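Protein chains in written order, with our numbering: chain L, 463 to 678; chain X, 463 to 678; chain U, 463 to 678. So the structure is just underneath, and the comments pick up after that.
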Amino acid sequence: MSLNSIFQYFVPKDKKIFFPLFEQAAVNVVEMATLLVKAVNAAEVSKRETLYQQIDKLENVGDEITHQIYLELGKNFITPFDREDIHSLATAIDDVADLIQGSANRMSLYQISEMTEPIQKLSDLILQASIDLQKAVGELKDLKNVRNIAESCIRINSIENQADYVFDRAVADLFLYEKDAIRLIKYKEILAALETATDRCEDAANVMESIIVKNA
Amino acid sequence: MSLNSIFQYFVPKDKKIFFPLFEQAAVNVVEMATLLVKAVNAAEVSKRETLYQQIDKLENVGDEITHQIYLELGKNFITPFDREDIHSLATAIDDVADLIQGSANRMSLYQISEMTEPIQKLSDLILQASIDLQKAVGELKDLKNVRNIAESCIRINSIENQADYVFDRAVADLFLYEKDAIRLIKYKEILAALETATDRCEDAANVMESIIVKNA
Amino acid sequence: MSLNSIFQYFVPKDKKIFFPLFEQAAVNVVEMATLLVKAVNAAEVSKRETLYQQIDKLENVGDEITHQIYLELGKNFITPFDREDIHSLATAIDDVADLIQGSANRMSLYQISEMTEPIQKLSDLILQASIDLQKAVGELKDLKNVRNIAESCIRINSIENQADYVFDRAVADLFLYEKDAIRLIKYKEILAALETATDRCEDAANVMESIIVKNA
């Protein structure tokens, strides 16, 4: 039993503050991932640039939400879950947003014109993981459907494994077939940013699993 | 209200231990950043090498100070701020020092002879952010001038944004104009280390903002 | 004196849960490092591939152990050391395992045929650091031989310094003599993963030093 678990018996938990913020952060990540999937499947460069800019704006929105969670954490002695878990979950979701924006930013800066299959697959996996992230976060507020949270977390872990596989295969192929070192660097960095986004989804899932264990 | 806030009413805070250490750490970073700016503006290679070595020495000094803060944190049950904030602030300042040294180390190892404008600009931004870091850290001990801390933190955030912009532009230019892949790698890594130093200054600013909120 | 130090006088510590898990995690890292040293010294490619696969399997074992430690941390209010130290130590040991596997994975994906001297030296240093890690972790359960822990930690720090030196020298040599940019990228990334493994050993040593200080 954690310190928070003891306090929760005599102090009302203020769930009204934290849960809507987490839900906003997760919805924002799903929107960003949706834009990313659109961008890597768009035929026109100008269309892509517009999507990159929309991703940028949503990343700023995500920063605001994360900042708000940290501020509330500083102001509230009693929190619905362990403080460290609230902090870690907020950070993990923010990192997913940062990496989606970072991937899009590199595609724009490096003037990537050819969207390869691994880029499209990884973007798709990020969207899938984000949707499960949002589902799980939405269930945190009452913990009535712990099984749903657990299942989303398991799916996120499986998606992350698939992303690892796609990334490893794609990088090996780059080293085998790409003779232009500068192109190789560009694609490798974009693939790495995309793959790391799924790692951060897994981090968020791990925090939620830990929350379930503590509050079971 | 945090656990520390409760304890602080009946246990005297030992500010004498932590604040001088934080001030030393911040002053050390300002000195390192000053040497870095000198190095990237020095015409002679031998002069630069001397400066790189001085940066190395100061990084060791910084390590000692950080280690001391961690040791004191282990020995003291009551701390002037939340333990996690003291740990995070010490780590962030130490990371800035590591990245300044890491940038200088790469310049030396990669035998960078031409100091480009983005390298000079980023080094300058690191120095500016370090000076604001030192100012803010210096105000932590009595929290009489919370506004000064807040203003330094806002400036650090703005400097980090400028550094992001300079970095993105410089990397895009490398991919556009640098045809030598090995040179591209060298410059890109140095720019990345410099830019990350400003990120860690922002991390330190975020911890200080959090300290202000909790102790307001 | 920490919060845990106070509680430990009236609540029995459950050492039976955490220490065997830490010991398993450390033994697992030593086994992984032993396989890595074998792989980078193996003459036949097929032999190496078998060793890489064994490393992969042990990394999964390590993940399970780390997950178990996190779960126990969630379930137990009283821990033998500060919760944050248990978490940090488990994370640092897991990171060492990840980086050994990551290094092996890159050697396999990049189809590295020539194992250079710096790769062999760094692998050897990882093994040495892992052995000291295991020794120190094994002494944590009774803290009767604090000096042994301290000496292992000092040796790990010294090994990390040697690894830094080998890495810096090897990367400088790559930039001086390797004209094939793609080969340079491959080797540089493998060297970086190996060197970072020793950094994470040092992180683990730092946590153990902190545990000694708090419980002295």
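Yeah, the Cβ is synthetic: ideal placement off N, Cα and C, and Gly gets one too. Nothing here was measured: the structure is a model prediction, and the numbers come from that model.
- Distances from the alpha-carbon of residue 654 of chain U to those of U:527, U:517, U:526, U:569 put U:569 closest.
- Using a Cβ-Cβ cut-off of 8 Å, residue 606 of chain L does not count as an interface residue toward chain U, since no Cβ of chain U sits closer than that to its own.
- Within chain U, the residues 567, 571 have their CB atoms less than 8 Å from the CB of residue 630 of chain L, given in chain order.
- For the pair residue 483 of chain U and residue 540 of chain U, the CB atoms are not nearer than the 8 Å cut-off.
- About 6 Å separates the beta carbon of residue 619 of chain U from that of residue 664 of chain U, a gap short enough to meet the 8 Å contact definition.
- Residue environment analysis places residue 514 of chain U among the buried positions, since at least 16 neighbouring C-beta atoms fall within 10 angstroms of its C-beta.
- In terms of beta-carbon proximity, residue 643 of chain L lines the interface with chain U, with at least one pair separated by less than 8 Å.
- Against residue 648 of chain U, the close residues of chain L are 637, in the order they occur along the chain (beta-carbon pairs closer than 9 Å).
- Burial check for residue 649 of chain X: the Cβ neighbour count within 10 Å reaches 16 or more, so the residue is buried.
- Runs of the alpha helix (DSSP H) spanning 4 or more residues and lying entirely within the region 475 to 544 of chain L occur at 477 to 503, 507 to 537, in chain order.
- No Cβ of chain L is located within less than 8 Å of the beta carbon of residue 514 of chain U.
- At a cut-off of 8 Å between beta carbons, residue 634 of chain X contacts chain L.
- Residue burial annotation: residue 545 of chain U is buried, with at least 16 other C-beta atoms found within 10 angstroms of its C-beta.
- Boundaries of the alpha helix (DSSP H) harbouring residue 670 of chain U: 643 to 676, taken from the DSSP string.
- Exclusion of the five residues before and after residue 575 of chain L leaves 507 as the residues of its chain whose Cβ lies within less than 8 Å of its Cβ.
- Straight-line spacing of the CA atoms in residue 670 of chain U and residue 596 of chain U works out to 12 Å.
- Beta-carbon to beta-carbon, residue 479 of chain U and residue 538 of chain U are separated by about 7 Å, close enough to satisfy the 8 Å threshold.
- With a 10 Å radius around the Cβ and a threshold of 16 neighbouring Cβ atoms, residue 573 of chain U comes out exposed.
- The beta-carbon distance between residue 524 of chain X and residue 556 of chain X, rounded to whole angstroms, is 6 Å. This is short enough to meet the 8 Å contact definition.
- In the three-state reduction of the DSSP assignment, residue 563 of chain U falls in the helix class.
- Residue 676 of chain X reaches chain L at 536, counting residues in chain order whose Cβ is nearer than 7 Å.
- Within 8 Å of the CB of residue 561 of chain X, no CB atom of chain U is found; the nearest one sits about 14 Å away.
- In the assembly as shown, residue 623 of chain L is an exposed residue. Its beta-carbon has fewer than 16 other beta-carbons within 10 Å.
- Those residues of the region 519 to 535 of chain X placed with their C-beta closer than 7 Å to a C-beta in chain U are 532, 533, ordered along the chain.
- For residue 672 of chain U, at least one C-beta of chain X is nearer than 8 Å to its own C-beta.
- Excluding the 5 residues flanking it on each side, residue 674 of chain U has same chain C-beta neighbours closer than 7 Å at 608, 611, 612, in chain order.
- Sixteen is the threshold: since fewer than 16 other Cβ atoms of the shown chains lie within 10 Å of the Cβ of residue 631 of chain X, the residue is exposed.
- Contact check between the region 632 to 639 of chain U and the region 574 to 594 of chain X: fewer than three CB pairs, one atom from each, fall below 8 Å, which does not count as touching.
- Under the three-state reduction of DSSP, residue 572 of chain L is assigned to coil, being neither helix nor strand.
- DSSP places residue 607 of chain X in the coil class of the three-state scheme, outside both helix and strand.
- An exposed status is given to residue 639 of chain U, since fewer than 16 other beta-carbon atoms sit within 10 Å of its beta-carbon.
- Approximately 15 Å separates the beta-carbon atoms of residue 495 of chain L and residue 598 of chain L; this is outside 8 Å, ruling out the contact.
- Minimum Cα-Cα distance from residue 530 of chain X among the listed residues X:591, X:606, X:486, X:501 corresponds to X:486.
- By the Cβ-count criterion, residue 532 of chain L is buried, with 16 or more other Cβ atoms from all chains shown falling within 10 Å of its own Cβ.
- Under a 10 Å Cβ-count criterion, residue 604 of chain L is classified as exposed, with fewer than 16 other Cβ atoms of the shown protein chains found around its own Cβ.
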